[in-house]
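Colleague: Using my numbering, the letters of the sequence shown correspond one by one to residues 19 to 302.
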Amino acid sequence: MPVDEAKIRATFQKLNRQLSKLTETASASNVHKFRTYGRRVEALVEELVPGLKRKDRRLLKQLARLRKKGGKVRDLDVQIAALRGLKLPQEAGRKAQLLRVLSDDRTSREKKLEKAFDKQQVSQLRKGLKRSAARIDVPNTTEELLDRAMRPVLQLGANQRPLTEKRVHQYRIVGKRARYLAEVAGDDPHAKELIEQLKRMQDVIGDWHDWLKLTERAEEVFDGTRSSALIAALRNITRAKYRQSLDVLVETRAAQTPRKPISTEISAPKLPYREADRVASAAA
């Protein structure tokens, strides 16, 4: 099947429109959409623009820098929502204190994000988007596109060493990129099935990682207080989310590489999860 070129064009157009919205207000919705469209454009440029030139690399660098700033705001939005939904009456005081800390962090990050989106920056981004969009080399078939999209995922899966926190998070990163490329494959049935599998993996691993970051922030605020019911609850939830991530990841690997043995051996999560956090910070 032919690749849906209209979807490729629409991806660039949506990011262009989102730039205007984010310059007006860094709402949770605007930040999330900018990061999502930004990642999609990055994936398309990296994979489909032949022989990346200096200006293409500059666009990717700008998008990555702004996306990371937006990611810090988005992470805090998710952490605040998760903490608010946690029912723990005996720790109401600590919960309220942590919410205040997260809200203050969010305000600070929002100001930095808004400052980064000045008129000159937005103008440069729009020029870069227009230039790179014109250089997209569309694959001849969806089969070729999906093969290129899944290559990094399969390469990561070829390593049969035990799953660690670092590798679990790497799967989320490469899986997300593969999904964004598969989304421009149009009505290809294989692409739709692949997108569904990758999105489930991405969502479950992402949920674990959000709780992981919330747990670490709580440990920083309360200096790892061992007697805190709040921290104990956060750690228990994070461990459970990690196990869910491993289950979904093993299922996804099995679906994509049915002829290869799947290692179900895992590494137990180690609090305070410093290694996984460093990987996430570099890729967020």
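In this text, a Cβ means the ideal position worked out from N, Cα and C, and glycines have one as well. It should be emphasised that the depicted structure is a prediction, and the values quoted were computed from it without experimental measurement.
(1) How do the segment 167 to 175 and the segment 232 to 246 stand: do at least 3 beta-carbon pairs fall below 8 Å, yes or no?
(2) Grab the span of the alpha helix (DSSP H) containing Q115 for me, first residue to last.
(3) Classify A114: buried if its beta carbon has 16 or more other beta carbons within 10 angstroms, exposed otherwise.
(4) Roughly how many whole angstroms lie between the Cα atoms of S281 and Q178?
(5) Can you check which of these residues, L70, G89, Q138 and V96, is closest to Y55 by C-alpha distance?
(6) Go ahead and label A99 buried or exposed: buried means 16 or more other beta carbons lie within 10 angstroms of its beta carbon, across all protein chains shown.
(7) With DSSP as the reference, label R257 as helix, strand or coil.
(8) Could you pull out every residue in the same chain whose Cβ sits closer than 8 Å to the Cβ of P279, ignoring the five residues on either side in sequence?
(9) Taking R102 as the reference, which of H50, M19, E238 and L120 has the closest Cα?
(10) Give me the Cα-Cα distance between D74 and V239, rounded to the nearest whole angstrom.
(11) Go ahead and pull the three-state DSSP assignment for L77.
(12) Ends of the alpha helix (DSSP H) at D228?
(13) If you count every other CB in all the chains shown that lies within 10 Å of the CB of A209, and 16 or more means buried, which is it?
(14) Please go through the segment 36 to 94 and give each complete alpha helix (DSSP H) segment of 4 or more residues, from N-terminal end onward.
(15) What's the C-alpha gap between R277 and R118?
(16) With distances taken Cα to Cα, identify the nearest neighbour of T160 among A236, R253, L37 and L199.
(17) Keeping to the same chain, check which residues put their C-beta closer than 7 Å to that of F30; ignore five residues upstream and five downstream.
(18) Starting from S150 and walking both ways along the alpha helix (DSSP H), at which residues does that stretch end?
(19) With contact counted as at least three CB pairs below 8 Å, one residue from each stretch, are the segment 186 to 193 and the segment 223 to 231 in contact?
(20) In terms of residue numbering, what span does the alpha helix (DSSP H) encompassing R170 cover?
(21) In three-state DSSP terms, what is L11?
(22) Within the continuous alpha helix (DSSP H) that includes Q178, where are the two ends?
(23) Any idea what DSSP makes of L248, helix, strand or coil?
(24) By the three-class DSSP mapping on this structure, what secondary structure does V202 have?
(25) Between Q220 and I213, what straight-line distance do the alpha-carbon atoms span, to the nearest angstrom?
Modeller: The structure says:
(1) No, the segment 167 to 175 is not in contact with the segment 232 to 246.
(2) For Q115, the enclosing alpha helix (DSSP H) begins and ends at A110 to A134.
(3) Exposed is the call here.
(4) Confidence is the limiting factor: at S281 the pLDDT is only 42, short of 50, which leaves the residue's position unreliable, though a coordinate-based value still follows. Their Cα atoms are separated by approximately 6 Å.
(5) Closest option to Y55, judged by alpha-carbon separation, among L70, G89, Q138 and V96: G89.
(6) It counts as exposed.
(7) Collapsing the DSSP output to three states places R257 in a helix.
(8) In this predicted model, P279 has a pLDDT of only 41, less than 50, meaning its place in the structure is not dependable enough to derive any value.
(9) Of H50, M19, E238 and L120, the smallest CA-CA separation from R102 is found for L120.
(10) One C-alpha to the other measures close to 41 Å.
(11) Look at L77 here: in three-state DSSP terms it is helix.
(12) DSSP places D228 in the uninterrupted alpha helix (DSSP H) bounded by P207 to V239.
(13) Under this definition A209 is a buried residue.
(14) You should have 46 to 66.
(15) Residue placement at R277 cannot be trusted, given a pLDDT of 42 that sits under 50; what the coordinates show is reported in the next sentence. Their backbone Cα atoms lie some 51 Å apart in a straight line.
(16) Residue L199 is the option with its Cα nearest to T160.
(17) Closer than 7 Å at Cβ, skipping near neighbours: V59, L147 and A151.
(18) In the DSSP annotation of this structure, the continuous segment of the alpha helix (DSSP H) that includes S150 starts and ends at K137 to A152.
(19) Three or more Cβ pairs drawn from the segment 186 to 193 and the segment 223 to 231 lie within less than 8 Å of each other, which places the two stretches in contact.
(20) The identity of residue 170 in the sequence shown is Pro, whereas the question assumes Arg. Unbroken alpha helix (DSSP H) run through P170: T160 to G175.
(21) In the structure displayed, the chain extends from 19 to 302; residue 11 sits before or after that span and is not available.
(22) It is not in any alpha helix (DSSP H) - Q178 carries neither H nor E in the DSSP assignment.
(23) Helix, per DSSP.
(24) In the three-state scheme derived from DSSP, where H, G and I count as helix and E and B as strand, V202 is classed as helix.
(25) Whole-angstrom Cα-Cα distance: 10 Å.
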